[in-house]
Every structure is written in structure tokens, then in C-alpha cells.
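Novice: 1 is the number of the first residue of the sequence shown in UniProt numbering; add one for each residue after it.
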Amino acid sequence: MNFSIFTNTSPMALSSTLRFSSSFFLFHNHCRHARFLSSPRRFLSFPPSRPPPSSRTPILASKDEERNGNGSVATVGPNVSPRIVPVELHEEMTGSYITYSMSVLLGRALPDVRDGLKPVHRRILFAMHELGLSSRKPFKKCARVVGEVLGKFHPHGDNAVYDSLVRMAQDFSLRYPLIRGHGNFGSIDADPAAAMRYTECRLEALSEAMLLADIDQDTVNFVPNFDESQKEPSLLPARLPTLLLNGASGIAVGMATNIPPHNLGELVDVLCALIHNPEATLQELLEYMPGPDFPTGGLIMGNLGILDAYRTGRGRITVRGKTEVELLDSKSKRMGVIIKEIPYQTNKSMLVEKIAELVENKTLDGISDIRDESDRSGMRIVIELKRGADPSIVVNSLYRLTALQSSFSCNMVG
Numbered sequence: 001m002n003f004s005i006f007t008n009t010s011p012m013a014l015s016s017t018l019r020f021s022s023s024f025f026l027f028h029n030h031c032r033h034a035r036f037l038s039s040p041r042r043f044l045s046f047p048p049s050r051p052p053p054s055s056r057t058p059i060l061a062s063k064d065e066e067r068n069g070n071g072s073v074a075t076v077g078p079n080v081s082p083r084i085v086p087v088e089l090h091e092e093m094t095g096s097y098i099t100y101s102m103s104v105l106l107g108r109a110l111p112d113v114r115d116g117l118k119p120v121h122r123r124i125l126f127a128m129h130e131l132g133l134s135s136r137k138p139f140k141k142c143a144r145v146v147g148e149v150l151g152k153f154h155p156h157g158d159n160a161v162y163d164s165l166v167r168m169a170q171d172f173s174l175r176y177p178l179i180r181g182h183g184n185f186g187s188i189d190a191d192p193a194a195a196m197r198y199t200e201c202r203l204e205a206l207s208e209a210m211l212l213a214d215i216d217q218d219t220v221n222f223v224p225n226f227d228e229s230q231k232e233p234s235l236l237p238a239r240l241p242t243l244l245l246n247g248a249s250g251i252a253v254g255m256a257t258n259i260p261p262h263n264l265g266e267l268v269d270v271l272c273a274l275i276h277n278p279e280a281t282l283q284e285l286l287e288y289m290p291g292p293d294f295p296t297g298g299l300i301m302g303n304l305g306i307l308d309a310y311r312t313g314r315g316r317i318t319v320r321g322k323t324e325v326e327l328l329d330s331k332s333k334r335m336g337v338i339i340k341e342i343p344y345q346t347n348k349s350m351l352v353e354k355i356a357e358l359v360e361n362k363t364l365d366g367i368s369d370i371r372d373e374s375d376r377s378g379m380r381i382v383i384e385l386k387r388g389a390d391p392s393i394v395v396n397s398l399y400r401l402t403a404l405q406s407s408f409s410c411n412m413v414g
């Protein structure tokens, strides 16, 4: 099947300019006649910006195109391409989809290994730096920051920008938050953040020292923004590998990434060891950084998944929540299991609901009551045991039946 496209369009616009060659021209020309003739009153106050159809002269396609038999037609007029070239649909879709894929991979979904940031995160931090929202300055409304990012650097949805800003301020999402939030920025129970007109933010001292301290020292290249009215950095001058520090996750076209976060002190020790011994082996580096360090804590079970992830870039790390057995009532000698940490990216409220559901269905035995006593001081989920119940059996059942034990699939792509 032959289609026609304008040759002076950009690769990303090709898919939106596909047109049937001769039939589209006839139909489109007919529609223009109908519009101008049937509703003249509509344009009395506003004369048409395009000339009437009679002032444009149709030009037949070239001889080569006529021999191909597609009957391509072009029109000459303001802002109209003088030539239409026939192409095969599958060729056009292949080229356009590759262009789209690269745009998603490099411009939206995957972080840059040099500063560990996706474009939206980089633009938010740079916009806050330009607004003077340092860690020592007063907070400013998040709506002001979102507007700055949208208007100058990131022409996409405001909700997407605000969600990215909120995540950078959540201590249960990032091991080391890059933004200090003031107000309701959500919770580990998956409660949403307040609207951007209520919340306030400023930069964290760590993000200033690690990502923005050398931004004005000609350390990185600046490129034009989307409308070439501003300049933005192609990346931030990171002093530490932020990609390993806070990790990253994203789903692109044909690939995805899921990198775990690590401890700041351990990561610095590894960097110092590599500086002194660039030929250090993995086993030697594991002495300084034995594995990931998740924001919500938890216990990593075994190191085979860690070794696979560090060797090959892919591995599955098993994480368990941290529990303690506590005497709840000295008189009745009733025992309880206290959950103080849960695996990374686990919804606490859904975990409590799941345990209650298993108890109600009699799938999980030995539990008389469950309540969430978490507060600002930390997490505390109290599971009261029935008299005579074995705490170790209950804990193992929780690991087996609930998200108190989960796995983190590493996919080191950046």
C-alpha cells in the first residue's frame, strides 16, 4: 500500500502526516469548498488566513512517481510543501517507531548514568536552584516550582511534574531525599500528597552539595530548552554516583531498569577503594559495600542475588521485614509480634489488611488481634498472639503468605 508524506517534516512528525495520495487530496479539497460555501457568516468578522482553493494550483507528481502509479498530488501555497513523495507504510512506521523509542529511552524513562537522574528530575532540581530555593532559604509553594519547570524546561503534564517532585521528597521512596518537603507529601500507606497549592519545598543540603555545587563552574554543557528561549544543563555535575545512591526504576520501550539504593558511607568507601586500586575485584569491594540499603529497612536474605546483580546486572534480592517478639501483658503472659520494618515498596496498610483477611479466613492461625501503632517516631505494627501460640510459627507464616517477605528484581540499565 502506498502512502504520501511531506518531505520537509521532522521524523517525529512523520507518523502524524500520513495521507492517502489522490483520494485525500480530492476529499480535502471538497471539504474546503463545503466549509467556505456553506457557512460564510462564520468568517465575516475573521477572514480566512488561507487563500481560497482557486488560488492554489495543483501540480502533478514527478514522472518517477507517475510510473509507480500512486497518483501523488501536491499543492502550492503558503506553508505547504511543494512535493509529496510516496512511501511504504511499514517503512514509515518502522522509522518513526525507532525515533519514538529513542526519544522515550533517552528523554523520559531511563536515567542518565552520569548524574543518575531522569530529565524531569534534573529539570526540577535545576529550576529550584534557579529560583534560589537552597536548603537555608524559606520554603516556597510547590505550585511555583511546577510552573517554573513546565514553562521553561518540561512541556508536559503538571501532575507528572508534581508527582516526580513529591517522590524526591519522600524518605520512604528515596534512600536520601533530594528535596525537603513541608506539608503532606504522602505516606508509606500510599496516601496521596496534598495538592501543590498547599505543599511547599526547598532543596536538601545533600542535593546541593552533591548535584548543584559546581553547576556555575562550566562543568557541564548547557543546551537550548524546548522552544530555545532558555538554556538548561544536559546533566548535573554529580560528585557521587547518584544512580547507585538512590537507585532508579523506569519502564521504557523494549527495556526497563530497576536499580536498588545503597548506603552513602559504604558507597564513598567503595569509591575510595577504587581510586586507590582500580583493579579491585568484586569480592574486595563487597567488603566495603556488602549490598543495597533500602529506605524502609528490612533484612536481606542471602547474598546470591546480590552477587548476580553486581556481576551480570540482573539478580533477585529477597528482603524480609524486621520483626521482634514482645511480652504485651505480664499478667496474662500474652505475647505479640511487632513489625518494625517492611520490605521496600511494600504498602503498609495493604499488608495489615492482608494479615487481617488471612486471620478472618482462618488461613493464618494463632493471631487474636492486629493493630497499627505507627507514628512519627517509627513503624510499629502489633500482632497479638493467642495463648499458647508459637511466635516463630506465626512469623514464618507471615513471611510465606504476605508481603512481609518480598523480592527486589535488579535490572541494572541506565
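Idealized CB from N, CA, C, for every residue including glycine.
Report yes if the CB atom of Lys340 is closer than 8 Å to the CB atom of Arg380, and no otherwise.
Specialist: Locating residue 340 in the sequence shown gives position 340, counting from the first residue. Locating residue 380 in the sequence shown gives position 380, counting from the first residue. In contact: Lys340 and Arg380 (Cβ atoms closer than 8 Å).
Novice: What's the C-alpha gap between Asp163 and Arg180?
Specialist: Working through the sequence shown from its first residue, we reach residue 163 at position 163. Working through the sequence shown from its first residue, we reach residue 180 at position 180. In a straight line, the C-alpha of Asp163 is about 14 Å away from that of Arg180.
Novice: Between which two residues does the alpha helix (DSSP H) containing His121 stretch?
Specialist: If you number the sequence shown from 1, residue 121 lands on position 121. Segment 119 to 130, the alpha helix (DSSP H) holding His121.
Novice: Where do the N-terminal and C-terminal ends of the beta strand (DSSP E) with Gly250 fall, by residue?
Specialist: Translated into the one-based positions of the sequence shown, residue 250 becomes position 250. Element bounds for Gly250: 248 to 251.
Novice: Need the endpoints of the beta strand (DSSP E) that Val220 sits in, please.
Specialist: On the sequence shown, residue 220 is found 220 positions in, with the first residue counted as 1. First-last for Val220: undefined, no H or E at that position.
Novice: Can you list the beta strand (DSSP E) stretches of 3 or more residues lying completely in the stretch 245 to 325, in chain order?
Specialist: The qualifying runs are 248 to 251, 256 to 259, 299 to 301, 314 to 320.
Novice: Taking C-beta to C-beta, are residue 449 and Ala205 nearer than 8 Å?
Specialist: Look at the range of the chain in this structure, 1 to 414, and you will see that residue 449 is not part of it.
Novice: Pull up the DSSP beta-bridge partners for Met335, would you.
Specialist: Position 335 of the sequence shown holds residue 335. Answer is Leu327.
Novice: Given a cut-off of 8 Å, decide if Cys201 and Ala252 are closer than it, judged by their beta-carbon atoms.
Specialist: Counting from one through the sequence shown, the residue named residue 252 turns up at place 252. Counting from one through the sequence shown, the residue named residue 201 turns up at place 201. Cβ atoms of Ala252 and Cys201: not closer than 8 Å.
Novice: I need the DSSP call for Arg108, collapsed to helix, strand or coil.
Specialist: On the sequence shown, residue 108 is found 108 positions in, with the first residue counted as 1. Looking at Arg108 - three-state DSSP - the assignment turns out to be helix.
Novice: Am I right that Asn225 and Lys118 are in contact with their C-beta atoms under 8 Å? What's the rounded C-beta distance?
Specialist: On the sequence shown, residue 225 is found 225 positions in, with the first residue counted as 1. On the sequence shown, residue 118 is found 118 positions in, with the first residue counted as 1. Rounded, the Cβ-Cβ distance is 16 Å, inconsistent with contact.
Novice: Is the CB-CB distance between Gly315 and Leu110 below 8 Å?
Specialist: As a working mapping, residue 315 is identified with position 315 in the sequence shown. As a working mapping, residue 110 is identified with position 110 in the sequence shown. No, these two residues do not count as a Cβ contact at 8 Å.
Novice: Any idea which residues DSSP pairs Leu385 with across the strands?
Specialist: Reading the sequence shown from its first residue, position 385 is the one you call residue 385. Leu385 is bridged to Ile367.
Novice: Kindly list the residues whose CB is nearer than 7 Å to the CB of His121, restricted to its own chain and excluding five residues on each side of it in sequence; keep chain order.
Specialist: As a first step, residue 121 is located in the sequence shown; it is residue number 121 there, counting from the start. Around His121: Ser164, Met168.
Novice: Of all the beta strand (DSSP E) runs that stay within the bounds of the stretch 164 to 242, which reach a length of 3 or more residues?
Specialist: Within the stretch 164 to 242, the complete beta strand (DSSP E) runs of at least 3 residues are 179 to 182, 200 to 203, 222 to 224, 231 to 233.
Novice: Assuming contact is defined by CB atoms lying nearer than 8 Å, are Asn277 and Pro261 in contact in what I supplied?
Specialist: As a first step, residue 277 is located in the sequence shown; it is residue number 277 there, counting from the start. As a first step, residue 261 is located in the sequence shown; it is residue number 261 there, counting from the start. No, these two residues do not count as a Cβ contact at 8 Å.
Novice: Using only the heavy atoms of the ligand ZN, determine whether one of them is closer than 7 Å to the beta carbon of Met128.
Specialist: The ligand ZN is absent from the structure shown, which contains no ligands of any kind.
Novice: Look at Asp171 and Pro292 and say whether their C-beta atoms are less than 8 Å apart.
Specialist: The residue you call residue 171 lines up with position 171 of the sequence shown. The residue you call residue 292 lines up with position 292 of the sequence shown. No. Outside cutoff.
Novice: Please name the residue in Ile300, Gly297, Tyr310, Leu264 whose C-alpha comes closest to that of Glu284.
Specialist: By one-based count along the sequence shown, residue 284 stands at place 284. If we check each option's Cα against that of Glu284, Tyr310 comes out closest.
Novice: Relative to the alpha-carbon of Ile300, which residue among Leu307, Thr318, Thr312, Asp308 has its alpha-carbon at the smallest distance?
Specialist: Within the sequence shown, numbered from 1, the residue matching residue 300 stands at position 300. Nearest C-alpha to Ile300: Thr318.
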